[in-house]
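Residue numbers (the numbering used here): 1035 to 1167.
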């Protein structure tokens, strides 16, 4: 049974395993990820016993806008509604905010549309990054 927790404390190894299971380059920086988790306003994680199998992380301005930065579900656990549950928990926490924002990879757009998000065609995400995913 999957257990959901609100914690900011993860070992670098837990984060490395989850991020690299999805081939996200952030997983190559597990110490930075562990430090970053402490700075998010919201972190909700999914656990199968002692194994981190999913997480959602968000930043917000405290009143109007919340930005979902990470949504990850271990590929071995996808298709079990873990991602949908994490998004529901994010939406519930920020239900009184005026704008919920995320940047989706093209392949994930149908999932997020099923969760109630819509593609914005008046703007484009822009980055300065040294990550390769």
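Just so you know, even glycine gets a beta-carbon here, dropped at the ideal spot from N, CA and C.
Look up residue 1077 in the DSSP assignment and give the residues it is bridged to. 1091
How would you label residue 1053, buried or exposed, when you count the other beta carbons within 10 angstroms and need 16 or more for buried? Its Cβ being crowded by 16 or more others within 10 Å, residue 1053 is buried.
Touching by the beta-carbon criterion (3+ pairs, under 8 Å), the region 1082-1091 and the region 1133-1142: no
According to the Cβ coordinates, are residue 1121 and residue 1105 closer than 8 Å? yes
Nearest-angstrom Cα distance between residue 1098 and residue 1130? Each residue's Cα considered, the two are about 8 Å apart.
Using the Cα positions of residue 1145 and residue 1115, report the straight-line distance between them to the nearest angstrom. 11 Å
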